[in-house]
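Protein chains in written order, with my numbering: chain F, 181 to 439; chain H, 181 to 439. Input: a single structure, listed below in structure tokens.
Number of protein chains: 2
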Amino acid sequence: MTAEDEARMLVRLLWRDPDQTPATAGRRGPKPRVSVDEVVTSAIGLADAEGLGAVSMRALAARLGLGPMSLYTYVPTRDVLLALMVDQVAAETPVPAAGPVLESLDAMARVLRNEYLAHPWLLEVSQWRQVLGPHRLQRYESQLQIIESVSMSDLTRDHVIGALSAFVIGNAHESVGARTAADSGLTDEDWWAVVGPALTSVMPPDRFPLSGRVGTAVGEHYRAPRDPDNGFDFGLARLLDGLRSTLGERRSRTDVNED
Amino acid sequence: MTAEDEARMLVRLLWRDPDQTPATAGRRGPKPRVSVDEVVTSAIGLADAEGLGAVSMRALAARLGLGPMSLYTYVPTRDVLLALMVDQVAAETPVPAAGPVLESLDAMARVLRNEYLAHPWLLEVSQWRQVLGPHRLQRYESQLQIIESVSMSDLTRDHVIGALSAFVIGNAHESVGARTAADSGLTDEDWWAVVGPALTSVMPPDRFPLSGRVGTAVGEHYRAPRDPDNGFDFGLARLLDGLRSTLGERRSRTDVNED
DNA sequence: CAAGATCAGCGTACACCGTACGTAGTAGTG
DNA sequence: CACTACTACGTACGGTGTACGCTGATCTTG
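This is how it looks when you write it as structure tokens:
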């Protein structure tokens, strides 16, 4: 499997090129026992339940009642499978495009964030050589639709979407990282009961005064200095505010009160 | 190695607890041939050169002239090693804290982004159960120092830093993903020469009019609809603008012109 | 100073991974 | 009906992280 072939296959699979399966009949050999969609859907379920690491070709094949190598009948490589999973997830929740621009952008960001929180493994999938599949491209199209009525350059349109997406991804990155529950059998309390004393016994107490004060205010001393959930609302509001002039809107009332 | 022990070890190693090595003398058995710092530094070099996947315990041991299992003398687990690498990288480039608030935040964001671009594997390291080491905590302290003079709640301070960090991480995620060069022996041109025709042959031409138009404007039809490098400047400026009122600053001159 | 106790460094071995390649068997073709 | 083409599948290989037992150097004790 050369890199070129893999790339070509990826595109055809992403877009479910009919050339792949010319017809249900007219095929030599035994009939396929499952379909590409079933493979991808099952893989997503496995990743959601037990993490991306649990999505091994063997485990997935067993889940589908197939031999380990039979998966390669449907998918040329594990990396391609992961790319298909990413695009498939984007099909679940469409991006809302109607309504006022700022509200739509706000809703769009929240939809994206919820998707990352529901499927944390999305962040682990390497984005390298990411080819756009139909669902992710449809999402981009919907995002552009939101700001289509606003007057700006096409380059700026892309930057607006990109800035919001970047913030969402970054925040999701931290939010997922902060979720320690489903990790390794340790509850939050157990974990902190172990790490907390070890930290305080080893850390110079007065070397990080601001972190100590702010960390206390956030509520979880030194451990998770971020509060990603509330931080998301804050950051998104600020970012949208910064985008107001680009979007041709006047300042918000709260900002005017600032003056 | 239970999860509790691993957590305790991680903290002690992160902070280089002297209890680990009570003294150079007074130890039974053969002398260590390398040090924890050498292990971590060498692992960083390997990850920078050949990617995180190349950092296997065997390969790293060979690089250090050790047997495969000797690494476990210094580090209890590969995950712990990765955590040590993350904190060590943060020691390379300190965050500048002097100067006007907005300029400092801008500079801070750029320093962070450059770090991710220089060490792309940072994004791949699972942030689960991330314990703060001395260098990352020092960085947080410096970030708080930037906005210490501004009046706001401690919770808001954390949110300001968090919002900027999230945007940086998200943008770096896309930037790294867009860099296809060092991937799998295919140059950008070769890759596109394969994927481009496959895409256009399989994609309904009129189904994504906005994506097509904007994608053309960005310059690379359908493939990488983002332009992360210029997008970073745009998004950062907008985000900082949205933070102006929180930071107690008046609007920028360009915004005033908007009115 | 000699000898035993102790523990750090190391090698072998195991379970698991992704997947190249050869095999077997089914369905279309002449 | 014989043959061919092509599909699904099993075996096997080189890799991974690391549990576990061994070896031998050093400190402690007699």
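The beta-carbon is built from N, C-alpha and C at its ideal position, and this holds for glycine as well. Since the model is a prediction, treat every value here as computed from it, not as a measurement.
Within 9 angstroms of the CB of Asn-294(F), no CB atom of chain H is found; the nearest one sits about 16 angstroms away.
For the set Leu-324(F), Ile-349(F), Gln-310(F), His-315(F), the Cα lying nearest the Cα of Ala-358(H) is the one of Gln-310(F). Here the C-alpha atom of Leu-292(F) lies approximately 12 angstroms from the C-alpha atom of His-353(F).
For the C-beta of Glu-321(H), the chain F residues within less than 7 angstroms are, from N- to C-terminus, Phe-388, Leu-390, Ser-391. Annotation: Cβ neighbours of Ala-397(H) in chain F (cutoff 9 angstroms, chain order): Ser-333, Asp-334, Leu-335, Arg-337, Asp-338. Contact annotation: Gly-428(H) and Arg-418(F) have beta-carbon atoms that are not nearer than 8 angstroms.
Interface with chain F (8 angstroms Cβ-Cβ cutoff): Ile-224(H) is excluded. Non-local beta-carbon contacts of Gly-415(F) in its own chain, meaning distances under 8 angstroms to residues more than five positions away in sequence, involve Phe-347, Asn-351 in chain order. Taking Thr-396(F) as reference, the option from Val-394(H), Val-191(H), Leu-335(H), Ser-425(H) with the minimal CA-CA separation is Leu-335(H). Here Trp-195(F) carries a coil assignment [DSSP, helix/strand/coil]. Interface flag for Trp-301(F) against chain H is unset, since no Cβ pair is found closer than 8 angstroms. When the beta-carbon positions are compared, Val-394(H) and Arg-337(F) come within less than 8 angstroms of each other.
Using a 10 angstroms sphere on the CB of Pro-280(H), the tally of other CB atoms stays under 16, which defines it as exposed. Counted as a single uninterrupted DSSP element, the stretch harbouring His-299(H) is not any alpha helix (DSSP H), since DSSP gives it neither H nor E. For Ile-349(F), the enclosing alpha helix (DSSP H) starts and ends at 334-358. Against chain F, a Cβ distance below 9 angstroms from Val-348(H) picks out Ala-346, Gly-350. Ala-263(F) sits close to Leu-190(F), with the two beta carbons spaced by under 8 angstroms.
Between Val-382(F) and Trp-301(H), the C-beta gap is not smaller than 8 angstroms, which leaves the two residues out of contact.
Interface criterion not met: the Cβ of Asp-267(H) is under 8 angstroms from no Cβ in chain F. When the five nearest sequence neighbours on each side are left out, the beta carbons in the same chain lying within less than 6 angstroms of the beta carbon of Glu-304(F) are those of Leu-232, in order along the chain.
With three or more CB-CB distances shorter than 8 angstroms, the stretch 212-222 of chain H counts as touching the stretch 246-256 of chain H. Nearest CB-CB separation between Gly-357(F) and chain H: below the 8 angstroms threshold. At a cut-off of 8 angstroms between beta carbons, Glu-283(H) makes no contact with chain F. According to the DSSP assignment, Ile-326(H) belongs to the alpha helix (DSSP H) that extends over 314-326.
Under a criterion of Cβ atoms nearer than 9 angstroms, the residues of chain H adjacent to Asp-197(F) are, in order, Ala-378, Ser-381, Val-382. For Tyr-296(F), the closest of Val-269(F), Ala-278(F), Ser-391(F) by C-alpha to C-alpha distance is Val-269(F). Under a 10 Å Cβ-count criterion, Thr-426(H) is classified as buried, with 16 or more other Cβ atoms of the shown protein chains found around its own Cβ.
The beta carbons of Ser-391(H) and Glu-283(F) sit no closer together than 8 angstroms. Sequence-ordered contacts of the stretch 235-248 of chain F with chain H are nonexistent [C-beta pairs closer than 9 angstroms].
For Gly-245(H), no alpha helix (DSSP H) run applies, since DSSP gives it neither H nor E. Neighbours of Asp-421(F) in chain H, taken as residues whose beta carbon is under 7 angstroms from its own, are Gly-422 in chain order. Within 8 angstroms of the CB of Thr-426(F), the CB atoms of chain H belong to Arg-418, in sequence order along the chain.
Within chain F, Val-374, Ala-378 have C-beta atoms less than 7 angstroms from the C-beta of Arg-188(H), given in sequence order. Per DSSP, reduced to three states, the secondary structure at Asp-386(H) is coil, with no helix or strand assignment. If you check the CB distance, Ala-242(F) and Ser-250(F) do not come in under 8 angstroms.
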